[in-house]
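Mapping of the sequence shown onto UniProt numbering: position 20 corresponds to residue 20, and the numbering continues sequentially without gaps.
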Amino acid sequence: MVATTGKAGRGTLLKMGDAGSPEIFTAIANVASFNGPNESMTMLDGTHLNSGEFMEKIPGMKDGGQVSLTCHFDPTNATHDAATGLKSKFDSKVLTNFRLDFTAIWATNNLVSFSAYVNLGPIQGAPNTIITRDVTLEVSGAVTWSTGP
């Protein structure tokens, strides 16, 4: 039996760039879970009169998709607030660089980088739960893989 090479997500960081030169990436606080990027490709119908019984498809443009996350909401944290955080990025409609950083888990191919616009979802809470906020990062452009420190 071959042992799994799968890893737990613990130690993964979702980082946001500051647009500086050189750009500094800071881990977004309290990220509880993430999903994405969900890259896809438009498939064009290339079927013609001599295609036979089956449709022919041609790859079109790629889409970086989205990255969704849920974080334990803290409006006083610099990565969440309206001055420099996710709320600021949403309000200013600024394209921001992000990274999923897996360096605590893998030695190579451990950075997934993308640029995205921030969409803010609901703030949710109840008497016996942590207050959370859902965030969607709308990827614009390519998603790249690289090896970082």
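Just so you know, even glycine gets a beta-carbon here, dropped at the ideal spot from N, CA and C.
Given the structure is predicted, the values throughout are model-derived calculations rather than measurements.
With a CB to CB cut of under 6 Å and the five nearest residues on each side skipped, what residues in its chain are close to residue i?
i, result
"N97", "G17, S115"
"K7", "I105"
"A82", "S88"
"I58", "L44, G46"
"T108", "T147"
"F90", "V118, L120"
"F25", "K15, G17, R99"
Check each candidate in the options and name the one with the smallest Cα separation from residue i.
i, options, result
"W145", "R99, T129, V67, P122", "R99"
"E56", "K15, T76, D45", "D45"
"G65", "S113, T76, V2", "S113"
"V139", "T5, N35, S21, I24", "N35"
"A19", "L137, T103, L95, D134", "L95"
"G141", "P122, G85, M41, D134", "M41"
"L13", "F102, E39, T5", "F102"
"V143", "I58, S21, K62, G9", "K62"
"residue 176", "V2, T129, L137", "Residue coverage of the chain in this structure runs from 1 to 149, which leaves residue 176 outside it and unanswerable."
"A29", "T4, E39, E23, K15", "K15"
What distance in whole Å lies between the Cβ atoms of residue j and residue i, which are believed to be in contact at a cut-off of 8 Å?
i, j, result
"N119", "G148", "So it is not a contact: roughly 26 Å between Cβ atoms."
"I131", "F73", "5 Å"
"W87", "Y117", "Looking at the sequence shown, residue 87 is not Trp but Lys. About 13 Å separates the two Cβ atoms, so there is no contact after all."
"A27", "C71", "Incorrect: roughly 11 Å between the Cβ atoms, too far for contact."
"D134", "S68", "7 Å"
Count the other CB atoms within 10 Å of the CB of residue i; is the residue buried (16 or more) or exposed (fewer)?
i, result
"G11", "exposed"
"T79", "buried"
"L49", "exposed"
"P37", "buried"
"residue 154", "Absent from the structure is residue 154, since the part of the chain shown begins at 1 and ends at 149."
"G85", "buried"
Which residues in the same chain have their Cβ closer than 8 Å to the Cβ of residue i, if we skip the five residues on either side of it in sequence?
i, result
"T76", "none"
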